[in-house]
Structures are given as C-alpha cells and as structure tokens.
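Chains as they are written, first to last, in my numbering: chain A, 5 to 86; chain B, 15 to 424; chain C, 17 to 372.
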C-alpha cells in the first residue's frame, strides 16, 4: 500500500471523528488497518511520520491523550505556517 | 517595566519564617510581564476565592505528546501576560543531583523564554518550568535538548520515573535506584514522549522499605529494594548503643512487629525466619544492623490517588527479583505489564483498576508470574472461584499420583 | 542568535556527572549516618570518608534568581554540587567539615530555613493550586506557607515522637501524597456542578461524560442535547469537569478544605496506610486559612503529647482507637465520617470492644 493512501485514510478517519469522538493513536491505527487491510505497523509508521512533521498532534483534552489535526490558529502560533 | 499590581492579600504571605512563594513570584514579576500578571491574577484568586485557569489541550512540541502542559487564563483580557501560561516538564536526573552549572543552564534558557518561575520539583519528579507561550515552545525544546536535557512525561503515557537517593548517599539501599531509574527512563523514551496508553503510568524506585519516594502509594509500578537472608549484626556496636543510653528493649525489641528479636543484656538475637524486613530495627541502630547480602527488589503494582473510585496502594506482584544490570528482566516485566493493560484498559483506566475489573489471574498469567502467598494479605474468604479445565486436570492427575504412592500432596 | 538543533528521545542526562567526587568514590559503600542538628547530618562511608548534608526548606515554587543564589552558595561551600529531596527540600552537600558552620551562617543570614531531618515536620508535598491549576479549589502554596509558619518550631528545632509528613492537595485529584500522609489537607467541592448545555455541544463527548461519573449521577438530556445531573447522587468529585469543561464545579463560597490523617508510606513497624478523613469541611479563608491551620496544629500537638516514641500518627491512632482520637482532639464525628463509597464495608466496626 502506498504511503499517500494511508495518509489520506488517517486524515479521513480524524476528520470524521472531529467533534464527536477523540481518537487515540491506537484507535486510528486499528481503524485504518482494518479499512485498508494493511498491517498495523505500516499505519503506525505513517501516523508517526505525520506527527513528527507536525501535520498531526497529540492532544490532552478530556483528561486523556488523543491524536488530532491541529488548527490553523495553533500552527500559526507555533510558527509552523505564516 | 512590567505592570505593578497591588497585592495586599499576598503580601501577608511574605511575612513569617517559612520561605515565601510570594517573594519568589515577586522576584520574577519585577522584570517579567508574564510573572507580573501571574502575581496579579493570583491576588485576584485570593480575593474572589476561585481559580482562573482553563483546561489545556493540544499544546506541545512537534512530534511529542508529552512534556508540555497547556494552560490558558480564563480572563486574558484582564491579564494578557498569562493568556498563555504553559508548563514545561524537564526530566530530572536520577535522585535530583545537580551541578550548579547545569542548573544555571536551565535558568538561562528559562529567563530567555519563560516567566522565570519554576517548581523544584513537580509531584512526579520533573523540573517544572512554569509559564510560557506557545510560540516559545520549539525554541525552548531545541535549547534544552541540544544541551542534553529532554522533556518529561505527561498525558496518557509513561510518566517520568523517579527514585530515592539510594546508594549515592544511603547505607540502606538494597538496589542501585539511580541506575535502574536512568535505564528504565531510557528504555521507555517512546512511551514517555508519545502518549499511546489508556492513561498515565508511573514508576518509582525506592532502595528499601522506608520508601522515601512513596513508591508504594504514588506509582503504578513500585519497585522497592529488599533482601533475603539474615540481618547482619555487629554485636559490639549494639552494645555501644546500649552503653550510650539507647533503650534497646523498649525501642527495638518491644517494637519489632514480628517479635523476632531478643536481648539478653549482652547479645542481640534475631530469629531471621520470622523477620519481615520492615526496617524498624535497622533504621534505629544503623551502625549495628545491616540488611542481609542477597539483595533484590519487590515489585508492586497499581497505586494511585482517589480519582475516581478510591485511592489504591500498590499490590505485591513479584515478592523478590534480582536487580542487576542491564535490568532486562525488569524491563521485560514492565513491558508485559503495560501490554496487558493497553490490551484490556478502557480510556482513563489505571492499571490497578484494570486488574481489579479483569482479575489478578489474567494479569499474573500474562506477565508470567506464579501465584505466591506474599501477594496477598490473606486468601479469599468467599466460596466462589474459577477453575479452568486445565486446573481440574492438574488436581485430578495429582490425586491419581497420590493413589499410586499412598502419600497426599496438598 | 540562532536556535540550536533539537534532539529527541535522549532522556535525562546521566546522573553520574552530577555526583560529588566523594559520592562517586563511595557509591554503594556507605556505612552509617548520624544526625548532627535538626537540619544537618553526616553520612560515613566504609572507607571512613564523610559527607555532610545541610537541608533547607523550600517553597518549591522558585524564581530563577533564587536558584542562581542557591548555586552561588553551593559553589562557595559545596564545590558546585547540591541536590533536592523527594519532598522539595534543598540539600547542600559538604565535603570539607570546616565549611559546615560558615555555610549555615550564610544560609541563616539570607533567610533560609535549616531543618526537617529526623523526628520533625518536613517540607509538605503539595500541588499547584490557584497558582497554575484549572481544577484547584484552593491555593496549595498559601496553605503550605501558613501551615509551616505556624509549625516552624517543629521543622527547625522541636522533636516529635516520629517524623510527621504533611501534604496539601488543591483538589481530589491529589497530585501530592495526601492519601498516604500523617496529616494532610485536601480541597473539596461541596456543590453539584451546573451543566452549560450550549458549551457542552461544542466541547464534550456524551458517552465519555456519562462514563466519567463514579456514582452514575449523569444521564443524557435529549431536550438540550447535553446531560443532566441527579443532585442526590453527586458527591462533587469533579471528574465530569475534568473530561468536560462545560460542567464547571468551582464555587467561591462553597469550595473548601478537608483534613485527613494517619497515612504513611514506609513499612517500619506497620504496613503503609491510607489517610483517613477527620474534618470534612472548612471554608477557604485566604490568605492564611486560620481555622484549617488551627485544626492541623491541634492534631499535631495532641499526637505530640499522647503518642509513644517512634509511633507515627496513624500508628498512634490505631493503638488508642478512633473514638479516643475524636475524644482527645474534641473533633466532632459526623455522617460525613462514615464511608458510603467504594471501601465502606471494610470500615464498619464488627467488634464489641470500645473505649469510652
């Protein structure tokens, strides 16, 4: 499976869950690997790369950690976009 | 010049002999806008008797999910200096030893990017840098990490392990708490920085049963030094204690919880088979008594504060384990424990709570530790228990063997 | 000036580079220690080498300027080495005995509090409070300052039957060791939180919020697309607020503090114990919380007077019995003292032996 497809799937999963359910890293990996029929480790690698690049972030709201797509406002504050 | 606030209530707390946190905040407030507004905001809390901080959120450094606690003020229009007031956790060195050069490096970075306020240390053990803005986080991390410092844990992750002073300055240390703490921290770097677990997981390491880091009460995984074999007695030193007015009968013999000691006026005798290693006698006669030579640790699991169905003290899982470099056995054990927890735990469920809900047997079987009487205060009192078919087969096989030999084995 | 290149997952620096040479030399080979004064002890190694530790109290919340001051003192007397304890004290590590007195003189002249070793009150472990926490229902630093000003002689001078470990937590999350301390303060809410239905829709997950309640007091409210709280089932733990900011629970007039006693973590003589609640509520009275401080002093001094040598607070109370504790302290026993939560059945008395 190419990386781009997995990336798109991860974003799709997170967009769909936005505002409804906070997803943990583990949840995203499970859902993506089931829907795409790929190994969990492959999804994990792509997910971690997205986090490392700052395209995704860990969040700590509601007393537990989850993975989220950062807002533009946050990325601007961080100086990651102008 | 930072804004000056009138702080009549906080000024009260500058008086008195105990060192004043208000003086500390004022030192920073005199030259830093964030600290100045922190002081103003705190005075307001003292006046209105309510706090003005909001839940955190997404704030962190790129790639990490831990180490930064997002904090925003709920009335930023009134106190713009603390609109953002994030916390940075720095993983402390084992047992909190520092050189002054190292501390000054941290201070320089913090004066440049933050409020100047710190906690030495936070409850879990990290150095805490209190109050900075989102924009500054990447720079702070680069400055710290390029000088050899890394962030500590936060969120649903391995939290920064901590340990007592151990063999660095204590004669009772049964294990090298500092090295074990360092090695476990290094082993679990990914789990510490990238929160992937149901909830937090803390490790604390104490060198003996005195437990100066409160491992038994404040760590999901409590590692406590102990020994097997006889307490070493220096009879001359015992007699010296007595000669110097130490009431050995009243303060040691009569206070021994297992009543395993006796004193005939010249010789101290210990019935070591009945000693439970509580450390009372050793701590009272430190020159005369020493732990035995076969050192190791007890590993307990599950302690936590009350949220939400009650506080737990850690439960004994492994009564005795050798603690020797490179600590592979302990590392493997921690990995297995957290795997089982991750597999079975619901969001925000600590490992102790999962053990209670799912069952101790499932946990022990997964991590490969056999049942032992040291794990319980007493055996169960209800008449309801599970058998697997395998358990029954084993009992039946044993009974068949007994029939053959004519000897019962209970 | 450009920012240097970041590194990740390096962990903390190895502790060895921070150990004084005398500690490196005698690592794992200490023989015994002796307390020389309320804040001074000496550890003697098998080799005969000695290291002196001078312990000073700290408010934990330190300005970088103070850390720099501590550093220059450590440079002058300790060859640039120092450590902090698990209870936030600072320890100056002295190798040269002749520097011991000048160090203490300088510390005293600069207002540092030397003490806390042995059978005394040591530095309280505490949380952030109003200084920095979103769930705080009191200020931990202010309480600690007020407690220690009052109990100061027990830190720097007077002996007690055994050590007394104090702690302050600014809410029931207890980011301190309140649940296992000799005497501790925990701040509590006393009012059922209100749901902000509008905010709930944007900020909170329904199943998570319902699941967060340990007593099942929260149920869905389809009319407002949020939740409702059954008041008689709520015991104000605030866990719903932790997972859902739209259920604020803070209340200026109703938040307050409770006192718990008798916990310990060490195994000496008796097993580690939980703290037990003895005063369910005292109003928040900043800046000095006079009633809470008076309560702590009352308990400490009753213990000091009545306990046997080496008994911790919890051991003393177990020996004399809880009815005797309430009698000696004059603290009123109320419905709040009788557990009606998770561990209740373990706490009801099942014997006919009392003291009157």
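We treat Cβ as the ideally placed atom computed from N, Cα and C, and that holds for glycine.
Alpha helix (DSSP H) runs contained entirely in the stretch 271-354 of chain C, provided each spans 4 or more residues: 306-322, 329-336, 338-345
Within 8 Å, do at least three Cβ pairs link the stretch 23-41 of chain C to the stretch 153-167 of chain B? yes
When the Cα atoms are used, what is the spatial distance from residue 41 of chain B to residue 81 of chain C? A straight-line Cα-Cα distance of about 7 Å links residue 41 of chain B and residue 81 of chain C.
Boundaries (first-last residue) of the beta strand (DSSP E) holding residue 209 of chain B: That residue, residue 209 of chain B, is in no beta strand (DSSP E); it is neither H nor E in DSSP.
Alpha helix (DSSP H) containing residue 55 of chain B: first to last residue? 47-62
Using a C-beta to C-beta distance shorter than 7 Å, which residues of chain C count as neighbours of residue 93 of chain A? Beyond the ends of chain A as shown, which are 5 and 86, falls residue 93 of chain A; an answer cannot be given.
Which listed residue (C:331, C:185, C:242) has its alpha carbon closest to that of residue 11 of chain C: Residue 11 of chain C cannot be examined here, being either before or after the span of chain C that is shown, 17 to 372.
So within the stretch 191-274 of chain B, which uninterrupted alpha helix (DSSP H) runs reach at least 4 residues, ignoring any that extend past its ends? 191-201, 203-207, 229-232, 249-257
Please compile the residues from chain B whose C-beta is within a distance smaller than 9 Å of the C-beta of residue 55 of chain A. Here the neighbours are 76, 77, 78, 79, 208.
Chain A contacts made by the stretch 188-222 of chain C, where a contact means CB separation under 7 Å: 221
Keeping to the same chain, check which residues put their C-beta closer than 6 Å to that of residue 204 of chain C; ignore five residues upstream and five downstream. Here the set comprises 274.
Run through DSSP, which three-state label would residue 224 of chain C get? DSSP places residue 224 of chain C within a helical segment (H, G or I) once states are collapsed to three.
Which residue's Cα is closest to the Cα of residue 117 of chain B: C:135, C:308, C:98, C:155? C:98
Mind pulling the chain A residues with CB within less than 7 Å of residue 224 of chain C? 66
Could you tell me whether the Cβ of residue 320 of chain B comes closer than 8 Å to any Cβ of chain A? no
Among the candidates B:38, B:81, B:225, whose CA atom is the shortest distance from the CA of residue 77 of chain C? B:38
According to DSSP, is residue 308 of chain B part of a helix, a strand, or is it coil? In the structure shown, residue 308 of chain B adopts extended strand secondary structure according to DSSP, grouped into three states.
Using a Cβ-Cβ cut-off of less than 8 Å, give me the residues of the stretch 313-334 of chain C that come near chain B, in sequence order. 325, 326
Report the option in C:181, C:351, C:121, C:227 whose CA atom is closest to the CA atom of residue 134 of chain C. C:181
Under 9 Å by beta carbon: chain C residues contacting residue 26 of chain A: 221, 224
Counting only C-beta atoms, is residue 30 of chain A closer than 8 Å to chain B at any point? yes
Distance check for residue 254 of chain C and residue 322 of chain B, CA to CA, integer angstroms please. 9 Å
Along the alpha helix (DSSP H) that carries residue 257 of chain C, what are the first and last residues, could you check? 255-259
Would residue 171 of chain B count as contacting chain A if we go by Cβ distances under 8 Å? yes
Residue 20 of chain A versus chain B: which residues are under 9 Å apart at the beta carbon? Neighbourhood of residue 20 of chain A in chain B, by CB distance below 9 Å: empty, with the nearest CB roughly 19 Å away.
Which of the three DSSP states, helix, strand or coil, is assigned to residue 172 of chain B? Residue state for residue 172 of chain B is assigned as strand, using DSSP reduced to three classes.
Chain-ordered neighbours of residue 72 of chain A on chain B, where CB pairs are closer than 8 Å: 72
Can you find a CB in chain B that lies within less than 8 Å of the CB of residue 285 of chain C? yes
Would you mind reading off the limits of the alpha helix (DSSP H) that contains residue 170 of chain C? 168-172
Would you call the CB atoms of residue 69 of chain B and residue 25 of chain C closer than 8 Å? No, the Cβ-Cβ distance between residue 69 of chain B and residue 25 of chain C is not below 8 Å.
Is there a Cβ of chain A sitting closer than 8 Å to that of residue 86 of chain B, yes or no? no
CB contact flag (residue 62 of chain A, residue 79 of chain B, <8 Å): yes
Minimum Cβ-Cβ distance from residue 132 of chain B to chain A less than 8 Å: At a cut-off of 8 Å, the C-beta of residue 132 of chain B has no neighbouring C-beta in chain A.
Whole angstroms are fine: how far does the CA of residue 270 of chain B sit from the CA of residue 324 of chain B? 31 Å
With 16 other CB atoms within 10 Å as the buried threshold, where does residue 216 of chain C fall? By the 16-neighbour rule on beta-carbons within 10 angstroms, residue 216 of chain C is buried.
Sequence-distant residues of its chain with Cβ nearer than 7 Å to residue 115 of chain C (five each side left out): A distance below 7 Å between beta-carbons, with the five flanking residues on each side excluded, links residue 115 of chain C to the following residues of its chain, in chain order: 93.
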